[in-house]
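Step one of this worksheet: look at the structure below.
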Amino acid sequence: MAGVFFIVMLIAFGLIAFMMICLWKIVEKGGNPGWTGIVPIYNMFILAKMAQKPEWWGALVLIPYAGIVFQIWIWNRVVKRFGYSEGFTVGIVLLPIVFLPILAFGDAQYRQLEDDFQTNLSN
């Protein structure tokens with residue numbers, strides 16, 4: 048029984064390490080130091096910055112229940128900066144083990160976009 052537990056824990060730690068590497072690569076693509084992607088809570092501040100929102104948006108994910116919505120919203124804006132659509136955001140929410148590596152190791156490059164509000168004002 049202890050052997051099974053050890054194997055399950057080994058697999059879990061391996062998956063956690065892999066996801067940390069993915070987050071490291073994603074924030075590096077966004078022009079930030081990679082280590083900022085693996086620090087809990089702080090990484091949401093960095094992702095908010097990558098989403099071209101004020102960094103304090105990262106604190107909004109700490110609000111119970113509403114934080115889930117804000118986290119999805121931040122990820123959606125980050126995904127758009129990499130040139131993907133909302134469908135990719137759904138993939139990150141439902142299957143992060145598949146979609147985060149695509150974002151991290153794929154060919155997509157992070158790019159700064161004009162804010163939608165600013166774009167609408169200029170038109």
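Heads up, the sequence shown stops at 170 in the working numbering, and the numbers go up one at a time, no gaps. Cβ atoms here follow ideal geometry from the backbone N, Cα and C, with glycine treated the same way.
| task | Could you tell me the distance, in whole angstroms, from the CA atom of T166 to the CA atom of I85? | result | Residue placement at T166 is flagged as unreliable, the pLDDT there being 46, under the threshold of 50; the coordinate-derived value follows with that caveat. C-alpha separation (whole angstroms): 33 Å.
| field | V140 in three-state terms, based on DSSP | value | helix
| field | Y157 to Q99 span [Cα, whole Å] | value | 12 Å
| field | alpha helix (DSSP H) runs wholly inside the region 86-157, at least 4 long, in chain order | value | 89-97, 104-107, 113-128, 133-141, 143-152
| If you run the structure through DSSP and keep just helix, strand and coil, what is E161? | coil
| By how many angstroms is the C-alpha of E75 removed from the C-alpha of E161? | Put simply, the backbone Cα of E161 is about 21 Å away from that of E75.
| said: My output table needs one value for L84: the three-state DSSP class, helix, strand or coil. | reply: Strictly speaking, residue 84 in this sequence is Gly, with Leu absent from that position. Helix at G84.
| DSSP state of G176, grouped into three classes? | What is shown of the chain runs 48 to 170, which leaves residue 176 out entirely.
| Nearest-angstrom Cα separation, counted from A59 out to K127 | Each residue's Cα considered, the two are about 30 Å apart.
| Mind checking whether N90 and L70 have CB atoms under 8 Å apart? | yes
| said: Please classify I144 as buried or exposed, where buried requires at least 16 other C-beta atoms within 10 Å of its C-beta. | reply: exposed
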